[in-house]
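With numbering that gives the first Met the number 0 as the guide, the letters of the sequence shown map in order to residues 0 to 264. First comes the structure, then the notes that go with it.
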Amino acid sequence: MKRFTIIIFLLALYINAFSQDEDLQMIFDSIIAEADLMYKYEKTVWNSTDLLMINKNLQKNYGGYVVSHSADSVYVVYIDKKQEQSIARYTYTSADLSKPCYISTELSTLSVEEKELVDIKTKMLKQIVNRKYKVTIPNGFSPNFVLIKEDNFYKLYVIMGTSTYGVIPFGNDYLFKANSKGKIIYWTKFHSTMIPVMAETDGHKVVEATHSHLRTTPYITATDICTFRLYAQYTELQKFSVYSPAIKKTMTYILETNKIEVKEK
């Protein structure tokens, strides 16, 4: 009877551990999916902006942009300074985010969906300058705004960008959520400060980066992964790790496989 009780106890422990691992994997899958979408948006904006700025006429009339997607396509639409018309359109497929499969630089009317994105983005940007959100932009960095529509609300990520070669600008990242009218209903700051990673220090190349999270940010974030994917191409880094005191685990993102590995403290 005693041996049977021990077997039941060990089996219960195994099932519980398996369930926890399964739950954690679901969380990681969701984070990777969000990071993938963010990366598609930002990568196509990078490439489209380079193309746009070659044309001086478009450059003079540039008034912002919005991004959207459907199925396997990503659409980057640039708006005139009056926020009324499209001055350029670039379409990409997930198979090739570096080169648009469609380009139009003709003035065109914005669709209902595009007008909505422009309106929501404008409203959210006007709100986040409020001091209560404590959005700061450190010297040497610039904010990138990633607006994503999801069902009946909108998500606006703020991640840092840099033009300094060999730097991965981790940290100082935010998420704002707004309702269908563009009113912010939730916000969070993932990291308390900037955590820039240099590709080279004291003449030695950095091959792996590590930072830790606040207890309020228990998991590796989509902003972490998106930022790494955007800037790691200019370095020799192939992975980075995050230690979470909240769950007492170290999570490592592997660039080659686009996966998150985890180990106990």
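All C-beta atoms, glycine included, are put in the ideal place defined by N, C-alpha and C. Here the structure is a predicted model, which is why all the values come from computation and not from measurement.
The DSSP-derived three-state label of Arg214 is coil. The region 106-115 makes no contact with the region 123-135; the number of CB pairs closer than 8 angstroms stays below 3. Secondary structure note for Arg228: its alpha helix (DSSP H) is the uninterrupted segment 221-230.
The continuous stretches of beta strand (DSSP E) do not include Lys122, which lies in the alpha helix (DSSP H) extending over residues 111-127.
In the same chain as Cys225, and ignoring 5 residues on each side of it, the C-beta atoms closer than 6 angstroms to its own belong to Ala34, Met37, Tyr38, in chain order.
Sorting Lys258, Lys98, Leu96, Ser107 by C-alpha distance to the C-alpha of Thr220 places Lys258 at the top. Annotation: the continuous beta strand (DSSP E) that includes Leu146 extends over 141-149. Look at the beta carbons and you see the region 239-250 not touching the region 176-191: under three pairs across the two are nearer than 8 angstroms.
In the assembly as shown, Asn143 is a buried residue. Its beta-carbon has 16 or more other beta-carbons within 10 Å. The three-state reading of DSSP puts Tyr242 in strand, counting E and B together. Ranking Tyr233, Thr192, Thr187, Ile194 by CA distance to the CA of Thr215 puts Thr187 first. In this chain, Gln237 is not harboured by any beta strand (DSSP E), its DSSP state being neither H nor E.
Each residue's CA atom was taken as its position, placing Tyr64 and Glu263 some 43 angstroms apart.
By the criterion of a C-beta distance shorter than 7 angstroms, Glu41 is surrounded in its chain by Asn143, Val145, Cys225, Leu229, once the five residues flanking it on both sides are discounted.
Look at the region 59-103 and you find these whole runs of beta strand (DSSP E), each 3 residues long or longer: 61-69, 72-79, 84-92, 101-103.
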